[in-house]
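Working notes, structure below.
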């Protein structure tokens, strides 16, 4: 995980499998192998990704909706 530079959405079972601990006091996610990526603030995320345009906001909303409801109609063309 140390070389990973992507956004992640982790389920509780993945966190358990990799012996992760969410440390909100230190603002890090501790992995079982000792990796400790720091959580970004919203402003840091937007500044670093260049995703502050309206198009990017719509894309993020669509990804969030898809993550919350993977069976949405655009994922299932036969519906």
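In our numbering, the protein residues as written are 115 to 193. Note that CB positions come from ideal geometry on N, CA and C, so glycine has one too.
{"query": "Exposure label - residue 126; buried when at least 16 CB within 10 Å", "result": "exposed"}
{"query": "Cβ neighbour criterion (16 or more within 10 Å) applied to residue 143", "result": "buried"}
{"query": "Three-state secondary structure assigned by DSSP to residue 154", "result": "coil"}
{"query": "Three-state class that DSSP yields for residue 143 in the structure shown", "result": "strand"}
{"query": "Nearest-angstrom Cα separation, counted from residue 138 out to residue 160", "result": "21 Å"}
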